[in-house]
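Since the structure comes first, as structure tokens, the remarks are kept for the end.
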Amino acid sequence: EVEFRDDQHGGYCKIRDDADSPAATIFKNFVFPVLQLSKLDMQESAAERGFLDVMELTWFCHNPTPDGQPCGTCNPCNYTRNEGLGRRVPKVSR
Numbered sequence: 019e020v021e022f023r024d025d026q027h028g029g030y031c032k033i034r035d036d037a038d039s040p041a042a043t044i045f046k047n048f049v050f051p052v053l054q055l056s057k058l059d060m061q062e063s064a065a066e067r068g069f070l071d072v073m074e075l076t077w078f079c080h081n082p083t084p085d086g087q088p089c090g091t092c093n094p095c096n097y098t099r100n101e102g103l104g105r106r107v108p109k110v111s112r
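Residue numbers (our numbering): 19 to 112.
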């Protein structure tokens with residue numbers, strides 16, 4: 019139900035106009051400019067635009083440790099590691 023639309027900024031994804039699912043109804047007016055970007059692409063873009071510090075505050079872990087650190091074992095932690103941002107995921111997992 020998502021389509022890519024090209025624009026002067028490199029494009030974005032949007033729910034197709036003819037989509038009629040409940041999710042499409044909710045999200046039809048949203049655009050998703052980062053859906054096609056890897057985590058490294060997002061990091062590079064954030065650094066170029068001066069908001070890398072904000073990106074470093076984003077959260078991805080579904081099972082954080084009691085002290086608030088990423089678990090290192092859930093799918094989002096694995097995805098983050100595999101996408102090239104392993105520095106944000108602890109080497110030791112619980």
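The C-beta atom is built at its ideal place from N, Cα and C for all residues, glycine as well.
Quick caveat, the model's predicted, so the values are computed rather than measured.
Per DSSP, which residues does residue i bridge with? Please list them.
i, result
"Cys31", "Phe22, Phe50"
For residue i versus residue j, is the C-beta spacing smaller than 9 Å?
i, j, result
"Leu70", "Val20", "no"
"Ala64", "Val72", "yes"
"Arg106", "Glu62", "no"
Straight-line CA distance for residue i to residue j?
i, j, result
"Pro40", "Lys46", "10 Å"
"Gly86", "Asp36", "42 Å"
"Arg23", "Cys31", "6 Å"
"Cys95", "Thr83", "12 Å"
"Arg38", "Lys109", "Note on residue identity: the sequence assigns Asp, not Arg, to residue 38. In a straight line, the C-alpha of Asp38 is about 44 Å away from that of Lys109."
"Cys89", "Gly28", "34 Å"
"Cys92", "Phe50", "24 Å"
"Arg34", "Ala42", "8 Å"
"Lys25", "Ile44", "The amino acid occupying residue 25 in the given sequence is Asp; Lys does not appear at that position. Each residue's alpha carbon lies about 23 Å from the other."
Which two residues bound the contiguous alpha helix (DSSP H) that contains residue i?
i, result
"Val72", "70-73"
"Glu101", "Taken as a continuous stretch (DSSP letters only), Glu101 belongs to no alpha helix (DSSP H), as it is neither H nor E."
- Within the chosen definition, does the region 97-105 reach the region 53-62 through at least 3 CB pairs nearer than 8 Å? Taking a cut-off of 8 Å on C-beta distances, the region 97-105 touches the region 53-62, as three or more cross pairs fall below it.
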